[in-house]
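Structure first, commentary second.
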């Protein structure tokens with residue numbers, strides 16, 4: 001579980017990132033979850049854009065992704081979801 005200070009730190013890091021994935025009207029599928037897992041292992045912190053044609057609740061999507069990828073939801077803001085997962089082989093982010 002992330003502390004408030006760690007979340008703040010990760011939010012500031014995520015601010016400059018571009019979204020890597022988009023969730024459209026078809027929602028989340030297994031293939032997407034696998035890809036997100038791979039990218040989280042490489043980068044640890046990613047942004048996901050939820051397109052306007054997806055009418056699911058953004059926080060529900062974030063929770064679902066977090067469960068499927070064993071990652072932490074750093075932030076859900078507007079149509080952006082920020083996820084963090086500590087990398088086992090490729091650790092780059094040192095949490096405060």
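Numbering (UniProt numbering), first residue to last: 1 to 96. Every residue gets a Cβ at the ideal spot worked out from N, C-alpha and C, and that includes glycine.
When the Cα atoms are used, residue 51 and residue 25 turn out to be separated by approximately 8 Å. In the DSSP assignment, residue 6 falls within the alpha helix (DSSP H) that extends over 4 to 14. The count of Cβ pairs closer than 8 Å, one atom from the stretch 84 to 91 and one from the stretch 54 to 62, stays below three, leaving the stretches out of contact. At least 9 Å separates the beta-carbon of residue 95 from that of residue 48.
Only residues of its own chain outside the window of five on either side were considered, and among them 49, 50, 51, 52, 58 have a CB closer than 8 Å to the CB of residue 79, listed in chain order. Looking from the CA of residue 76, the closest CA among 5, 14, 69, 1 belongs to 14. Scanning its chain for C-beta atoms nearer than 6 Å, with the 5 sequence neighbours on each side dropped, one finds around residue 81 the residues 48, 62, in chain order.
Shown here, residue 41 sits in a helix according to DSSP, grouped into three states. In this structure, residue 46 keeps its C-beta atom at 9 Å or more from the C-beta atom of residue 9.
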